[in-house]
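S.K.: Before I ask anything, here is the structure I am working with.
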Amino acid sequence: MEYTANASSQFQLLAILCQQSQQTIDDALQILFQTKLVSSQVIFSQSFQIQVNLFFETWKLTTINTFLMTIQLIRANNQGNQLISYMNSHIDLYSIPTNFKIKASCHSPMGIYDYNMNSSTSIRIYTIPNFFVGCFQLESLLLSTLECSYHISCMLKIYSYHITTLQPFNF
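Numbering (the working numbering), first residue to last: 351 to 521.
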C-alpha cells in the first residue's frame, strides 16, 4: 500500500492510542492519590515498606491491564464485526463467500509506488521497513516497529520520493 495514502491514518491511530494510554494513566493516578493506608496497629517500617511496594506493583499491573483490555476490546470488536479498514475498500465484498472470515494477519508492507498511467500498474520502488498496512488497521500498527522514524536515512528516502506531496520534515 502507498505510504502517502496510508501512513497518515496509521499515525492518527497511534496518536489516539497514546491519548488513551495517557488517559488510563491519569485515571489510575487519580485513584492512587485518593488511596489511604489505615491500620489499627502500629506498622513496623519493614512491614510498611513491603505493603507499599506490593501496593505499587499491583497498581502498575492494574493500570497496564486496564489499557490492554481497551486494546483487546477494540481488536475483538473489529475482528468480530469484520470491520475492514477503509484502506482495503477496494476489496469487492460481494465476491467474498458468506462463510469467509478475514484473518487478523491480513497485512502487507507499506511502500512507495510508481504509478504508470499508461498501463494502470504500480511498481513498488521502496518498502518502508517494518511498517504495515492491512485489513485491520490496529493489527497492522501493532505489527509495525516504526523504525524508519528513528533513522534519518530512511526518512530522507521517503521524502526524496515524495518531495512534491510531503511537507518538509522538521528534524
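From the three backbone atoms N, C-alpha and C, an ideal C-beta is built for every residue, glycine too.
Use the C-beta contact count for residue 508: other C-beta atoms within 10 angstroms, 16 or more gives buried, fewer gives exposed.
M.R.: For the purposes of this step, residue 508 is taken as residue 158 along the sequence shown, with counting starting at 1. Classification of residue 508: buried, given that the 10 Å Cβ count is 16 or more.
S.K.: With a Cβ-Cβ cutoff of 8 angstroms, do residue 498 and residue 478 count as a contact?
M.R.: By one-based count along the sequence shown, residue 498 stands at place 148. By one-based count along the sequence shown, residue 478 stands at place 128. Yes, they are a contact pair.
S.K.: Answer with buried or exposed for residue 467, where buried requires no fewer than 16 other C-beta atoms within 10 angstroms of its C-beta.
M.R.: Numbered from 1 along the sequence shown, position 117 holds the residue referred to as residue 467. By the neighbour-count rule (16 or more Cβ atoms within 10 Å), residue 467 is not buried but exposed.
S.K.: Would you kindly report the start and end of the unbroken alpha helix (DSSP H) that includes residue 460?
M.R.: For the purposes of this step, residue 460 is identified with residue 110 of the sequence shown, where counting begins at 1. Not the alpha helix (DSSP H): residue 460 falls in the beta strand (DSSP E), residues 457–466.
S.K.: So who's on the other strand from residue 484, going by DSSP bridges?
M.R.: Position 134 of the sequence shown, counted from the first residue, corresponds to residue 484. Beta-bridge pairing links residue 484 to 457.
S.K.: How long is the line joining the alpha carbons of residue 396 and residue 503, rounded to whole angstroms?
M.R.: As a position in the sequence shown, residue 396 is number 46, starting the count at 1. As a position in the sequence shown, residue 503 is number 153, starting the count at 1. The alpha-carbon atoms of residue 396 and residue 503 are separated by roughly 53 angstroms.
S.K.: Let's test the definition: count the other Cβ atoms within 10 Å of the Cβ of residue 486 and tell me whether it reaches 16, buried, or not, exposed.
M.R.: Working through the sequence shown from its first residue, we reach residue 486 at position 136. Residue 486 is buried by the Cβ-count criterion.
S.K.: Determine, for residue 458, whether the minimum Cβ-Cβ distance to residues of chain C falls below 8 angstroms.
M.R.: The structure shown contains no chain C; it holds only a single protein chain.
S.K.: In angstroms with no decimal places, state the Cα-to-Cα distance between residue 501 and residue 391.
M.R.: As a position in the sequence shown, residue 501 is number 151, starting the count at 1. As a position in the sequence shown, residue 391 is number 41, starting the count at 1. The straight-line gap from Cα to Cα measures roughly 57 angstroms.
S.K.: From the DSSP output, in three-state form, read off residue 366 for me.
M.R.: Translated into positions along the sequence shown, residue 366 becomes position 16. Assignment of residue 366 by DSSP, reduced to helix, strand and coil, places it in the helix class.
S.K.: Check residue 478 in the structure and name its three-state DSSP category.
M.R.: Within the sequence shown, residue 478 is the residue found at index 128, counting from 1. Residue state, collapsed to three classes: strand.
S.K.: Could you give the residue range of the alpha helix (DSSP H) that holds residue 384?
M.R.: Walking along the sequence shown from the start, residue 384 turns up at place 34. Note, residue 384: premise wrong, no alpha helix (DSSP H); not H, not E.
S.K.: State buried or exposed for residue 465, treating a residue as buried only when at least 16 other CB atoms are found within 10 Å of its CB.
M.R.: As a working note, residue 465 is residue 115 in the sequence shown. Burial call: exposed.
S.K.: So, with DSSP's three-state summary, where would you put residue 471?
M.R.: Sequence index remark: in the sequence shown, residue 471 carries index 121 (1-based). DSSP places residue 471 in strand when its eight states are reduced to three.
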